[in-house]
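Sequential numbering of the sequence shown, starting at 104, is according to the working numbering. For every residue, glycine included, the Cβ atom is placed at its ideal position computed from N, Cα and C. None of these values were measured; they are calculated from a predicted model.
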Amino acid sequence: MPDKNIEKIWIEYKKTHSSDSKEKLIEEYVSLVKYVAGRLNIYLGNNVEYDDLLGYGYFGLIDALDKYDLNKGVKFETYASLRIRGAILDNIRKIDWVPRSLRQKQKDLEKAYTSLEIELGRPATDVEVAAQLNMNMKEFNKLVSDTNISNLVSLEDYVEQHNGNHFNLKDNSEYQPEKVMEKNETIHILGDMIDLLPEKEQIVITLYYYEELTLKEISLILGVSESRISQLHSKALSRLRGKLAFIRN
C-alpha cells in the first residue's frame with residue numbers, strides 16, 4: 104500500500120476513529136506483531152503457545168494505534184514494535200513461567216562470568232566458568248541451554264528496566280533530547296562490552312540486535328546449528344548483563 108494512502112488512513116483514523124480505518128491500519132501493520140512474536144518465541148519453545156504471543160501482540164498493536172502521535176516525528180513501526188513487545192512481555196511475566204530456581208541459576212551464571220573476567224582481564228572460557236560454578240561440562244552446557252528461556256528478557260529489555268525508559272540498540276535518534284545523553288552513555292558502555300566479547304558471540308549479538316536477523320538466519324551465515332547460535336546468544340547475554348549489573352551497583 105502506497106505511503107500516501109497510509110497517511111490518509113492515519114489522518115482519517117485520528118479524526119474519526121472509524122472501525123474501517125482502524126481495520127486497514129491493523130492489516131497494514133499486522134506483520135509487526137508476527138515479527139516481534141516470532142523473535143520472542145525463540146526463547147519460549149513449548150512453554151508458551153505462539154498463537155498466545157500473537158494474541159498478546161495484537162493488543163499491543165491496537166494500543167499503539169490509539170496512542171501514536173502523528174506529530175512527534177517517530178516512525179510508527181519503531182513505536183509500535185516497543186508497544187507490541189511490551190504487551191507480550193507483560194502478559195508472559197504475569198504467567199511467571201520461569202521457575203525461581205532457574206532465575207537464580209541465571210544470576211549465578213552472570214556473576215560467574217563477571218567475577219572471572221574482572222579477575223582474568225579477558226573473556227572467561229566455558230571450562231573456567233564451569234569450574235567457578237563447580238560443574239562439569241555436561242552440567243554447564245545444560246545450564247546454558249536451560250537459561251535460554253530465562254533470556255526472554257533480552258539485552259534491550261534489561262537496559263530498559265535499568266534506565267526506566269524505552270531503549271533501542273539500533274537507533275537512538277528518534278527519542279526525546281533529554282534522554283539522549285543517558286542513552287548515549289549506555290550505548291557507549293555496551294559498545295565497549297560487546298567489543299570485548301569472544302568473536303562468535305560478538306558476531307551473534309551484532310547480527311541479532313543491530314542487523315535484526317533471526318537466529319535461523321545467523322545460523323546459516325555462520326554455518327552452525329540454530330541451537331548453537333542460541334547458546335552463543337545466551338552466553339553473550341550472561342556476560343553483558345552481569346557486567347551491566349556490576350557497573351550499576
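Anticipated Cβ contact below 8 Å, residue i with residue j, distance rounded
{"i": "Arg186", "j": "Ala167", "result": "4 Å"}
{"i": "Lys214", "j": "Gly345", "result": "6 Å"}
{"i": "Lys338", "j": "Val247", "result": "6 Å"}
{"i": "Glu304", "j": "Leu335", "result": "5 Å"}
{"i": "Leu157", "j": "Ala183", "result": "Actually they do not touch by this definition, with Cβ atoms about 14 Å apart."}
{"i": "Ser341", "j": "Leu318", "result": "Actually they do not touch by this definition, with Cβ atoms about 16 Å apart."}
{"i": "Asn181", "j": "Leu212", "result": "For the record, residue 181 in the displayed sequence is Thr; it is not Asn. With a Cβ gap of about 32 Å, Thr181 and Leu212 do not count as contacting."}
{"i": "Val353", "j": "Ile191", "result": "Lying outside 104 to 352, the shown extent of the chain, residue 353 is not represented and no answer is given."}
{"i": "Glu130", "j": "Ile109", "result": "Between Ile109 and Glu130 the Cβ distance is about 11 Å, and since that is not below 8 Å, they are no contact."}
Exposure of residue i, with buried meaning 16 or more beta-carbon neighbours within 10 Å
{"i": "Glu277", "result": "Because the pLDDT at Glu277 is just 48, under 50, the model does not fix this residue reliably, and the point stays unresolved."}
{"i": "Val136", "result": "buried"}
{"i": "Tyr159", "result": "buried"}
{"i": "His291", "result": "exposed"}
{"i": "Glu98", "result": "Lying before the first or after the last residue shown, residue 98 is absent from the chain, which here runs from 104 to 352."}
{"i": "Thr217", "result": "buried"}
{"i": "Ile321", "result": "buried"}
{"i": "Ile324", "result": "exposed"}
{"i": "Pro280", "result": "Note that Pro280 scores a pLDDT of 48, beneath 50, so its modelled location is shaky; the value from the coordinates is reported in the next line. Exposed, since its Cβ has fewer than 16 Cβ neighbours within 10 Å."}
{"i": "Leu310", "result": "buried"}
{"i": "Lys127", "result": "buried"}
{"i": "Gly189", "result": "buried"}
{"i": "Tyr313", "result": "exposed"}
{"i": "Gln390", "result": "No answer is possible for residue 390: it lies beyond the span of the chain, which begins at 104 and ends at 352."}
{"i": "Ile114", "result": "exposed"}
{"i": "Leu223", "result": "exposed"}
{"i": "Ile308", "result": "buried"}
{"i": "Pro226", "result": "buried"}
{"i": "Ile297", "result": "buried"}
{"i": "Ile350", "result": "exposed"}
{"i": "Gln264", "result": "Any answer about Gln264 is weak, because its pLDDT of 49 lies below 50 and its placement is not dependable; what the coordinates show is given next. Flag for Gln264 reads exposed."}
{"i": "Lys111", "result": "exposed"}
Using 8 Å as the Cβ pair cut-off and three pairs as the minimum, do the region 119 to 127 and the region 175 to 189 touch? no
Return the chain-ordered ranges of every alpha helix (DSSP H) run that is complete within the region 306 to 331 and spans a minimum of 4 residues. 318 to 325
Spell out a yes or no on whether the region 233 to 242 and the region 314 to 329 are touching, meaning 3 or more CB-CB pairs, one atom from each, closer than 8 Å. no
Ranges of the alpha helix (DSSP H) found wholly within the region 170 to 218, counting only runs of at least 4: 179 to 198
Going along the chain, which unbroken runs of the alpha helix (DSSP H) with 4 or more residues stay wholly within the region 110 to 158? 122 to 147
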